[in-house]
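Visitor: Chains as they are written, first to last, in our numbering: chain A, 21 to 336; chain B, 21 to 336. Below is the structure I would like to discuss, written out as structure tokens.
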DNA sequence: GTTAATTATACTCATACTGAGAATAATTGG
DNA sequence: CCAATTATTCTCAGTATGAGTATAATTAAC
């Protein structure tokens, strides 16, 4: 290995650049959205520079410049630098990705930037209205063919096993957190645009819009993190307006999780954790009994080190 | 902001270097240990170079070179690049830290490398034999003084609040996962060697050995991550020999968590999750009834996407 | 070779949490 | 006033959890 003979090198490491990438999420009208540039083909990003105080502030600068949207909640996702990401062997790029949560505001985003629906990129991930038909009609048959095409018996078994877990086949049950595993399987099976140019129309519409480089992979990582995190930290509230009804809160959680939850149990969970307090007002914006308005009790962030927003079970 | 006027710069980002840092953990004789160099003052680390295939493989190279210890399980911890970490403003270092799990083997580590006990660096974190006396006798009084010394009323309240949560005061209960928060409080209060040169002997022995730069902070991050992760992923087994008794497994978990667990409940949890299978043999190495030997069912990693090793409640 | 000490393993029980569904309340639109 | 719609509250069974007790199989001591 080359590195073993290197001194604690300086010249070598100088041809390294760092790039900051943001998965900026909002939920609008019950639809989860992600901020993009290049007409939905890329995530906001830019190089980390000497002028930046920290990685986070560098990210803020780039995103605010590219999208005119200020960032609130930020958390780091992952850092990677795989060699095969870029062709040039004399220069390495380290990518540091972040998840950011905000609300889609009135201010129309700047020129290049647009909000896009999550599920345009991941149509198989939205189970709120039942299992998407294309999953069983297109994706699973194609994956089966891919598994069968494996070289030997044990590899076929391994592929089938991974499929079954990731897509909830053979009694495994759908696990909404396995977003990245599912995308990676589709990538390996060359069923997504990033892995294969000439997809036919069925497959193309079943496996969604593709993105530049590995941006869709990073988005998958962000969605997976968020789907996991809403279960044990009160981060949903970053996506909510100051006042909201419990149903609005529920719809937001469902939008993120891609599945429905049991309404009375959801209420019970939120209330027993004392995450919200009544605002005293009600909405009359819709038909039916008016709903009480609530606000997030910001105090819980001080009172408790770990507060949870667990997700009740699914509901047909 | 300077960055807003920059082009998607090249020259600027070229004075960036990346450093890989490992928190390599093992548990030996019920004592959690971390691999260090520089006689316990630093974590193994080295620059990321062009020759490295990926960040992980670069880390493996450096750690194996510095410690002669091969790495098994690896997961990324955090990436940071705060300006105040290093004095030089013309050059930025990005640090990418990893958590690695292994077993302390017969092969004595290479010259500079030594295994050190976790709790030498974090004496206040070991609650297996009750609350460490120095916590209430030294640390809490000092923190109280620090809180009282705050400029204004609201800042005093805020400091007290953080103290209460982090150290489990005023009915908050000890939460073993808040390792980083506790270290940061002690740092802010200038009670650790990294923040203050002339600590008196009481404080010094209560707040443990210090390390180079922010290495102890990174270690705290690793411990926190591990304490959290053993509750929902079967990672403990990376630290176990191939065959072990349930009590040995329990002692390992207790060593990591820094607190004792209820034995019958621990067994119930492990067995109902089918994480282990009987090896058919028993140990006679100790007094008392011989214990059955178990092995980890590696199949669970294939069967389930998320397997858990939850931690039962504490036990006096 | 019986007993005490020690560790392993198996039960018990009250309580809390969860999933699922039913029942009741307050609206709007005919 | 009635139907439709949404909000809100309860009930109930099943499961998980915290805590403690009882029994089993050893070794060490006498």
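Ideal Cβ placement from N, Cα and C applies to all residues, glycine included.
Leaving aside the five residues before and after residue 190/A along the sequence, list all residues of the same chain whose C-beta is less than 8 angstroms from its C-beta, in chain order.
Guide: Within the first chain, residue 190/A is the residue found at index 170, counting from 1. 184, listed in sequence order.
Visitor: Cutting at 7 angstroms between CB atoms, please list the residues of its own chain near residue 246/B, excluding the five before and the five after it.
Guide: Locating residue 246/B in the second chain gives position 226, where the first residue counts as 1. Around residue 246/B: 45, 119, 276.
Visitor: Taking 8 angstroms as the CB-CB cut-off, is residue 112/A touching chain B?
Guide: Here the question's residue 112/A lines up with position 92 in the first chain. Closer than 8 angstroms to some Cβ of chain B, the Cβ of residue 112/A qualifies, so yes.
Visitor: Between the region 128 to 144 of chain A and the region 53 to 60 of chain A, are three or more C-beta pairs nearer than 8 angstroms?
Guide: Segments in contact, yes.
Visitor: Which partner residues of residue 55/A appear in the DSSP bridge assignment?
Guide: As a first step, residue 55/A is located in the first chain; it is residue number 35 there, counting from the start. Answer is 135/A, bridged to residue 55/A.
Visitor: With a 10 Å radius around its C-beta and 16 neighbouring C-beta atoms as the bar for buried, classify residue 141/B as buried or exposed.
Guide: Translated into positions along the second chain, residue 141/B becomes position 121. With 16 or more Cβ atoms within 10 Å of its Cβ, residue 141/B is classed as buried.
Visitor: Report the rounded CA-to-CA distance for residue 153/A versus residue 290/B, giving the unit in angstroms.
Guide: Translated into the one-based positions of the first chain, residue 153/A becomes position 133. Translated into the one-based positions of the second chain, residue 290/B becomes position 270. Their backbone Cα atoms lie some 39 angstroms apart in a straight line.
Visitor: Taking C-alpha atoms, which residue in 319/A, 264/A, 304/A lies nearest to residue 298/A?
Guide: Position 278 of the first chain, counted from the start, is the residue given in the question as residue 298/A. The candidate whose alpha carbon is nearest that of residue 298/A is 264/A.
Visitor: When you compare only the Cα positions, how much space is there between residue 358/B and residue 49/B?
Guide: What the structure shows of chain B is the stretch from 21 to 336, and residue 358/B is not part of that stretch, so it cannot be assessed.
Visitor: Is residue 270/B helix, strand or coil by DSSP?
Guide: Against the second chain, residue 270/B aligns to sequence position 250. Helix.
Visitor: Thinking C-beta only, is residue 41/A closer than 8 angstroms to residue 117/A?
Guide: By 1-based counting over the first chain, the position of residue 117/A is 97. By 1-based counting over the first chain, the position of residue 41/A is 21. Contact: yes.
Visitor: Quick check on the burial criterion: 16 or more other C-beta atoms within 10 angstroms. Buried or exposed for residue 100/A?
Guide: By one-based count along the first chain, residue 100/A stands at place 80. Buried, since its Cβ has 16 or more Cβ neighbours within 10 Å.
Visitor: Mind checking who residue 115/B pairs with in its DSSP beta bridge?
Guide: The residue labelled residue 115/B in the question sits at position 95 within the second chain. The partner list for residue 115/B (beta bridge, DSSP) reads 39/B, 100/B.
Visitor: Residue 225/B and residue 213/B: beta carbons closer than 8 angstroms?
Guide: Counting from 1 along the second chain, the entry for residue 225/B is found at position 205. Counting from 1 along the second chain, the entry for residue 213/B is found at position 193. No; because the gap between Cβ atoms is not below 8 angstroms, this pair is not in contact.
Visitor: Could you give the distance in angstroms between the alpha-carbon of residue 5/B and the alpha-carbon of residue 65/A?
Guide: Since the first residue of chain B shown is 21 and the last is 336, residue 5/B is not available in this structure.
Visitor: Given a cut-off of 8 angstroms, decide if residue 197/B and residue 278/B are closer than it, judged by their beta-carbon atoms.
Guide: The residue labelled residue 278/B in the question sits at position 258 within the second chain. The residue labelled residue 197/B in the question sits at position 177 within the second chain. Result no, Cβ atoms of residue 278/B and residue 197/B do not sit closer than 8 angstroms.
Visitor: I need the boundaries of the alpha helix (DSSP H) containing residue 158/B, first residue and last residue.
Guide: The sequence position of residue 158/B within the second chain is 138, counting from 1. Run containing residue 158/B: none; DSSP gives neither H nor E here.
Visitor: Taking the Cβ atom as the reference point for each residue, do residue 280/B and residue 320/B lie within a distance shorter than 8 angstroms?
Guide: Here residue 280/B is taken as the residue at index 260 of the second chain, counted from 1. Here residue 320/B is taken as the residue at index 300 of the second chain, counted from 1. Result no, Cβ atoms of residue 280/B and residue 320/B do not sit closer than 8 angstroms.
Visitor: Among 75/A, 171/A, 167/A, 204/A, whose alpha-carbon lies nearest the alpha-carbon of residue 38/A?
Guide: The residue given as residue 38/A occupies position 18 in the first chain. Among 75/A, 171/A, 167/A, 204/A, the Cα nearest to that of residue 38/A is on 75/A.
Visitor: Which whole-angstrom value describes the C-beta separation of residue 243/A and residue 138/A, a residue pair presumed to lie in contact below a C-beta threshold of 8 angstroms?
Guide: Indexing the first chain from 1 puts residue 243/A at position 223. Indexing the first chain from 1 puts residue 138/A at position 118. That pair is a contact at about 6 angstroms.
Visitor: Check whether the Cβ of residue 281/B sits closer than 7 angstroms to any heavy atom of the ligand ATP, and report yes or no.
Guide: Among the components modelled here there is no ligand, and therefore nothing to report on the ligand ATP.
Visitor: What does the Cβ neighbour count give for residue 202/B, buried or exposed, with the cut at 16 atoms within 10 Å?
Guide: Indexing the second chain from 1 puts residue 202/B at position 182. Buried: at least 16 other Cβ atoms inside 10 Å.
Visitor: Between which two residues does the alpha helix (DSSP H) holding residue 65/B run?
Guide: Stepping through the second chain from its first residue, residue 65/B is reached at position 45. No alpha helix (DSSP H) contains residue 65/B, which is instead part of the beta strand (DSSP E) from 65 to 67.
Visitor: I want to see whether chain A comes within less than 8 angstroms of residue 96/B, judged by CB atoms only; does it?
Guide: Locating residue 96/B in the second chain gives position 76, where the first residue counts as 1. Interface residue, yes.
Visitor: Give the interface partners of residue 229/B over in chain A, defined as CB-CB distance under 8 angstroms, in chain order.
Guide: Against the second chain, residue 229/B aligns to sequence position 209. Here the premise fails: no neighbours, minimum Cβ distance about 24 angstroms.
Visitor: Less than 8 angstroms separating the beta-carbons of residue 227/A and residue 61/A?
Guide: For the purposes of this step, residue 227/A is identified with residue 207 of the first chain, where counting begins at 1. For the purposes of this step, residue 61/A is identified with residue 41 of the first chain, where counting begins at 1. No; because the gap between Cβ atoms is not below 8 angstroms, this pair is not in contact.
Visitor: Going along chain A in order, which residues have a C-beta closer than 8 angstroms to the C-beta of residue 99/B?
Guide: Start at 1 with the first residue of the second chain, and residue 99/B comes out as number 79. Those are 75, 96, 99, 116, listed as they occur along chain A.
Visitor: Ignoring anything shorter than 4 residues, give me the alpha helix (DSSP H) runs that lie fully in the region 240 to 308 of chain A, in order along the chain.
Guide: Here the runs fully enclosed are 266 to 277, 283 to 292.
Visitor: Taking the alpha helix (DSSP H) that residue 79/B belongs to, which residues open and close that run?
Guide: As a position in the second chain, residue 79/B is number 59, starting the count at 1. Here the alpha helix (DSSP H) through residue 79/B covers 75 to 87.
Visitor: State the CB to CB distance for the pair residue 259/A and residue 205/A, rounded to an integer number of angstroms; the pair is presumed to be in contact (CB under 8 angstroms).
Guide: As a first step, residue 259/A is located in the first chain; it is residue number 239 there, counting from the start. As a first step, residue 205/A is located in the first chain; it is residue number 185 there, counting from the start. With a Cβ gap of about 28 angstroms, residue 259/A and residue 205/A do not count as contacting.
Visitor: So for residue 187/A, helix, strand or coil by DSSP?
Guide: Here residue 187/A refers to the residue found at position 167 when the first chain is read from its first residue. Residue 187/A: helix per DSSP, three-state reduction.
Visitor: May I ask you to list, following chain order, the residues of the region 157 to 188 of chain A that have a beta carbon less than 7 angstroms from some beta carbon of chain B?
Guide: Result list: 181, 185.
Visitor: Strictly below 7 angstroms CB to CB, what residues from chain A border residue 102/B?
Guide: Position 82 of the second chain holds residue 102/B. Those are 74, listed as they occur along chain A.
Visitor: Going by DSSP in three states, residue 44/B sits in which element: helix, strand or coil?
Guide: Start at 1 with the first residue of the second chain, and residue 44/B comes out as number 24. Here residue 44/B sits in strand by DSSP.
Visitor: What would DSSP say about residue 173/A, mapped onto helix, strand or coil?
Guide: By one-based count along the first chain, residue 173/A stands at place 153. Helix at residue 173/A.
Visitor: Any beta carbon of chain B sitting closer than 8 angstroms to that of residue 238/A?
Guide: The residue labelled residue 238/A in the question sits at position 218 within the first chain. Closer than 8 angstroms: no.
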